[in-house]
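Going by the working numbering, 478 is the number at position 285 of the sequence shown; the sequence numbering is gapless. The structure under discussion appears below in the form of structure tokens.
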Amino acid sequence: MIRIISVEERLEPATKQNHASSDGDFSPMENRSEAEASPYKSLVAAVSYGIASMAMVFINKAILMQYGHSMTLLTLQQLATALLIHFGRQMGYTRARGVDMETAKKLLPVSLFYNANVAFALASLKGVNIPMYIAIKRLTPLAVLIAGFSSGKGKPTTQVTLSVLSIAAGVIIAALGDFSFDLWGYGMALTSVFFQTMYLVLVERSGAEDGLSSIEIMFYNSFLSLPFLIFLIITTGEFPNSLALLFAKSNSLSFLVILVISLVMGIVLNFTMFLCTIVNSALTTTIVGVLKGVGSTTLGFVVLGGVEVHALNVTGLVINTAGGVWYSYAKYQQKMSKPPKQVSDVEAHR
Numbered sequence: 194m195i196r197i198i199s200v201e202e203r204l205e206p207a208t209k210q211n212h213a214s215s216d217g218d219f220s221p222m223e224n225r226s227e228a229e230a231s232p233y234k235s236l237v238a239a240v241s242y243g244i245a246s247m248a249m250v251f252i253n254k255a256i257l258m259q260y261g262h263s264m265t266l267l268t269l270q271q272l273a274t275a276l277l278i279h280f281g282r283q284m285g286y287t288r289a290r291g292v293d294m295e296t297a298k299k300l301l302p303v304s305l306f307y308n309a310n311v312a313f314a315l316a317s318l319k320g321v322n323i324p325m326y327i328a329i330k331r332l333t334p335l336a337v338l339i340a341g342f343s344s345g346k347g348k349p350t351t352q353v354t355l356s357v358l359s360i361a362a363g364v365i366i367a368a369l370g371d372f373s374f375d376l377w378g379y380g381m382a383l384t385s386v387f388f389q390t391m392y393l394v395l396v397e398r399s400g401a402e403d404g405l406s407s408i409e410i411m412f413y414n415s416f417l418s419l420p421f422l423i424f425l426i427i428t429t430g431e432f433p434n435s436l437a438l439l440f441a442k443s444n445s446l447s448f449l450v451i452l453v454i455s456l457v458m459g460i461v462l463n464f465t466m467f468l469c470t471i472v473n474s475a476l477t478t479t480i481v482g483v484l485k486g487v488g489s490t491t492l493g494f495v496v497l498g499g500v501e502v503h504a505l506n507v508t509g510l511v512i513n514t515a516g517g518v519w520y521s522y523a524k525y526q527q528k529m530s531k532p533p534k535q536v537s538d539v540e541a542h543r
């Protein structure tokens, strides 16, 4: 998605599945389910998601500075994703099946939560600077932990709980040093946290229980999003003004380059996010986002400027980072204490 954020094909376990190759096409995967990933694949999925997510923070900020119609951009990105996978299937690059109405019904809530998450996140980015935006979004791991416990997933270990609470505490402390407080922007970001939590939990459940691959969930998510987004840009008044402005700016080479990069990276971000959530867990995916956020926050201070560095910001980031490292260590211990076959939550660390 056009996400800074910002979230799979139904095959029998014995069939081959697909993933995105380095040149943007889809190539056959090894003969196993994504939910039963090797430690290497789990590591690659987590690292790839972290890099793509961090890059999208700055790409989205850059394009929003030139083109404020965020919902139109989101619509274009979903359209590009759906078309890429559709033509990839037609040309034989992926074995993703065609649209199945029963599958579409199951994934409709995932698509709605995803788009709500992206919409509120983009809205918040207009009023909140990058470091504080990232700080608020880091509350997602705590929300995922609470949601998982409430849905009967089981009580996490003491170390996992304390490490996630440390991450949240670091967020709050860092936010206290924000002198450019924007209530509307904070409200939009917090609402985005809620929808992202529901979205990640649903994606994890879909991948683990229904055997959906990252490519197929990504296709259904984009396909189901289009009617909702088209209705949204019309009712909010973005269309047709957004389209006229898009054509007017098409004469600018720099704008076109940023636009194309945002569309491509949006596809990459969606794929890596879905894949990371399936082969690891929703909580792991959000923790990866937290750790990459440290780098994004630092670059946000240096590259974009306009943010006053305060002692509370630094203190909060240190606590936040320590909590992320603590979580990784706790999950590593938890993994090592399990029987060899229980590898459903291999974390991205060494």
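Each residue gets a CB set at the ideal place from its N, CA and C atoms; glycine is no exception.
Quiz item: Closest to V353 by CA distance: which of V337, A367, I365 is it?
Solution: Stepping through the sequence shown from its first residue, residue 353 is reached at position 160. Nearest neighbour of V353 by Cα position, chosen from V337, A367, I365, turns out to be V337.
Exercise. Assuming F467 contacts V396 (C-beta within less than 8 Å), just tell me the rounded distance between them.
Key: Position 274 of the sequence shown, counting from 1, holds the residue named residue 467. Position 203 of the sequence shown, counting from 1, holds the residue named residue 396. Confirmed, Cβ separation roughly 6 Å.
Quiz item: In the structure shown, what three-state DSSP assignment does V461 receive?
Solution: Your numbering for residue 461 matches position 268 in the sequence shown. Under the three-state reduction of DSSP output, V461 falls in the helix class.
Self-check item: DSSP-derived helix/strand/coil call for V292
Solution: For the purposes of this step, residue 292 is identified with residue 99 of the sequence shown, where counting begins at 1. Coil, per DSSP.
Exercise. Note down the Cα distance separating T333 from T390, rounded to an integer number of angstroms.
Key: Position 140 of the sequence shown holds residue 333. Position 197 of the sequence shown holds residue 390. If I take the Cα positions, the gap works out to 6 Å.
Quiz item: Which whole-angstrom value describes the C-beta separation of G509 and G363, a residue pair presumed to lie in contact below a C-beta threshold of 8 Å?
Solution: Here residue 509 refers to the residue found at position 316 of the sequence shown. Here residue 363 refers to the residue found at position 170 of the sequence shown. That pair is a contact at about 5 Å.
Exercise. Using three-state DSSP, classify M284 as helix, strand or coil.
Key: Working through the sequence shown from its first residue, we reach residue 284 at position 91. DSSP places M284 outside both helix and strand once states are collapsed to three, so it counts as coil.
Practice problem: Taking N414 as part of the alpha helix (DSSP H), name the residues at either end of that continuous run. | Solution: Locating residue 414 in the sequence shown gives position 221, counting from the first residue. N414 -> alpha helix (DSSP H) spans 407-428.
Quiz item: Apart from the five residues on each side of it in sequence, which residues of its chain come closer than 8 Å, Cβ to Cβ, to I252?
Solution: Residue mapping note: residue 252 aligns to position 59 of the sequence shown, counting from 1. These residues qualify, in order along the chain: I451, I454, S455, M458.
Quiz item: R288 to I256, Cα distance in whole Å?
Solution: On the sequence shown, residue 288 is found 95 positions in, with the first residue counted as 1. On the sequence shown, residue 256 is found 63 positions in, with the first residue counted as 1. Roughly 34 Å separates the two Cα atoms.
Practice problem: Please state if the CB of K234 and the CB of V394 are separated by a distance shorter than 8 Å. | Solution: By one-based count along the sequence shown, residue 394 stands at place 201. By one-based count along the sequence shown, residue 234 stands at place 41. No. Outside cutoff.
Exercise. Confirm, please, whether the CB-CB distance from F421 to N308 is below 8 Å.
Key: For the purposes of this step, residue 308 is identified with residue 115 of the sequence shown, where counting begins at 1. For the purposes of this step, residue 421 is identified with residue 228 of the sequence shown, where counting begins at 1. Yes, these two residues count as a Cβ contact at 8 Å.
Quiz prompt | Helix, strand or coil at S344 according to DSSP, with G and I counted as helix | solution = For this step, residue 344 is matched to residue 151 along the sequence shown. Taken through DSSP and simplified to helix, strand or coil, S344 comes out as coil.
Self-check item: Same chain, Cβ closer than 8 Å to W519, neighbours up to 5 away in sequence not counted
Solution: The residue labelled residue 519 in the question sits at position 326 within the sequence shown. Contacts found: Q352, L355, S356, S359.
Exercise. Would you grab the beta carbon distance between F464 and M411 for me? Rounded to a whole angstrom, and I think it's under 8 Å.
Key: Reading the sequence shown from its first residue, position 271 is the one you call residue 464. Reading the sequence shown from its first residue, position 218 is the one you call residue 411. Right, their Cβ atoms sit about 6 Å apart.
Quiz item: Helix, strand or coil: how does DSSP classify P334 here?
Solution: To locate residue 334, count along the sequence shown from 1; it is residue 141. Reduced to three states, the DSSP call for P334 is helix.
Practice problem: Out of L269, Y260, R290, state which residue places its alpha-carbon closest to the alpha-carbon of Y413. | Solution: Walking along the sequence shown from the start, residue 413 turns up at place 220. Answer by Cα proximity: R290.
Practice problem: Output the distance between the C-alpha atoms of V386 and I460, rounded to the nearest integer angstrom. | Solution: Start at 1 with the first residue of the sequence shown, and residue 386 comes out as number 193. Start at 1 with the first residue of the sequence shown, and residue 460 comes out as number 267. Their backbone Cα atoms lie some 21 Å apart in a straight line.
Self-check item: 8 Å Cβ shell around I366 - same chain, five flanking residues per side excluded
Solution: Here residue 366 refers to the residue found at position 173 of the sequence shown. L505, T508, G509, I512.
Exercise. Sort A273, F424, S415 by Cα distance to V303 and report the nearest one.
Key: Along the sequence shown, one-based indexing puts residue 303 at 110. Out of A273, F424, S415, S415 has the C-alpha closest to the C-alpha of V303.
Quiz item: When burial is assigned at 16 or more other CB atoms within 10 Å of the CB, is S344 buried or exposed?
Solution: Counting from one through the sequence shown, the residue named residue 344 turns up at place 151. Classification of S344: exposed, given that the 10 Å Cβ count is below 16.
Self-check item: Closest Cα partner of K254 within the set L305, A515, I323
Solution: Here residue 254 refers to the residue found at position 61 of the sequence shown. Minimum Cα distance to K254 is reached at I323.
Exercise. Can you grab the Cα-Cα spacing for the pair V481 / K524, in whole Å?
Key: As a working mapping, residue 481 is identified with position 288 in the sequence shown. As a working mapping, residue 524 is identified with position 331 in the sequence shown. If I take the Cα positions, the gap works out to 13 Å.
Self-check item: C-beta atoms of S435 and H262 nearer than 8 Å
Solution: Start at 1 with the first residue of the sequence shown, and residue 435 comes out as number 242. Start at 1 with the first residue of the sequence shown, and residue 262 comes out as number 69. Pairing S435 with H262 gives a Cβ-Cβ distance under 8 Å.
Exercise. Go ahead and pull the three-state DSSP assignment for V518.
Key: For the purposes of this step, residue 518 is taken as residue 325 along the sequence shown, with counting starting at 1. Helix, per DSSP.
Self-check item: Residue burial classification, V250 (beta-carbon count within 10 angstroms, cutoff 16)
Solution: Here residue 250 corresponds to residue number 57 of the sequence shown, with the count starting at 1. Buried, since its Cβ has 16 or more Cβ neighbours within 10 Å.
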